[in-house]
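**Q** I am attaching a structure below and will ask some questions about it afterwards.
Numbering (my numbering), first residue to last: 1 to 255.
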């Protein structure tokens, strides 16, 4: 019996590993995700420019992209899938949770959002949904130090984690008044305005790998699946069971 096991186990182990490799490359697991990037530079105007494609967002799914200082403040966009609504909802964040503003619902896979925050005038301008523009007066604007990108599901259900791809994501600090930005509110390419930046813009786009350089940060939102401990245990049991069953079958047959 043990001689048979020594012959059979390596063969089936290799076969199983090959199948696992194929499986891991072909199936994406929706997983919680969070990254942060420094926003450096001095200036009076903060810019956040977002362009993402949402492939899946289940009930209670959340996608948040925002600028943040130290503390509880956040400035950016949150996408939330309410189970009572067919489309996902958009919320503008301009400070604490008491300063969130409902922007409406959307069922479009592509989401474009642009936020300007002027420290000197305590004003914010948000551009979304094919150039809808809203203006807000802010009571407090701390120094924004980091850009956060996160996605998760409130219930923790793995099957309902959001799945999305970043087409373009830019954050910068500019030395320009918000009063002089009318022509840039809806321009498709914000690069001209970024040239006025006093710091190094944080520019994030998607590739298959994750790397970071001084000027550009590149990241991948989709995560490859990680095998659960129970899956590994089941696989080991199956690997061992097959040659054992084969052995007893042959023994019974010849008896």
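Yeah, the Cβ is synthetic: ideal placement off N, Cα and C, and Gly gets one too.
For residue 36, list the residues DSSP reports as bridge partners.
**A** Bridge partners of residue 36: 148.
**Q** How would you label residue 257, buried or exposed, when you count the other beta carbons within 10 angstroms and need 16 or more for buried?
**A** In the structure displayed, the chain extends from 1 to 255; residue 257 sits before or after that span and is not available.
**Q** How about residue 66 and residue 77: are their beta carbons less than 8 Å apart?
**A** Against a cut-off of 8 Å, the Cβ pair of residue 77 and residue 66 comes out as a contact.
**Q** Between the beta-carbon of residue 89 and the beta-carbon of residue 150, is there less than 8 Å?
**A** Result no, Cβ atoms of residue 89 and residue 150 do not sit closer than 8 Å.
**Q** Here's the rule I'm using: 16 or more other beta-carbon atoms within 10 Å means buried, otherwise exposed. How should residue 153 be labelled?
**A** Buried.
**Q** On the CB-based measure, 16 or more other CB atoms within 10 Å of its CB, does residue 163 come out buried or exposed?
**A** Its Cβ being crowded by 16 or more others within 10 Å, residue 163 is buried.
**Q** What would DSSP say about residue 102, mapped onto helix, strand or coil?
**A** If DSSP states are grouped into helix, strand and coil, residue 102 belongs with the strands.
**Q** Between the Cα of residue 69 and those of 92, 85, 57, 40, spot the shortest distance and give me the residue it belongs to.
**A** Considering only alpha carbons, the answer is 40.
**Q** If contact is defined by three or more beta carbon pairs under 8 Å, each pair taking one atom from either stretch, is the stretch 97-114 in contact with the stretch 125-133?
**A** Result yes; three or more Cβ-Cβ pairs closer than 8 Å.
**Q** Whose C-beta lies closer than 6 Å to the C-beta of residue 119 among residues of the same chain, with five residues either side of it excluded?
**A** So the list reads 44, 141, once near-sequence residues are dropped.
**Q** Return the residue from the list 106, 102, 96, 170 that minimises the CA-CA distance to residue 188.
**A** Taking only the C-alpha atoms, the option nearest residue 188 is 170.
**Q** Would you decide whether residue 102 is buried or exposed? Buried here means 16 or more other CB atoms lie within 10 Å of its CB.
**A** Label assigned to residue 102: exposed.
**Q** Helix, strand or coil for residue 167 per DSSP?
**A** Correct three-state label for residue 167: strand.
**Q** In the DSSP assignment, find the beta strand (DSSP E) that holds residue 194 and state where it starts and stops.
**A** Note, residue 194: premise wrong, no beta strand (DSSP E); alpha helix (DSSP H) at 191-194.
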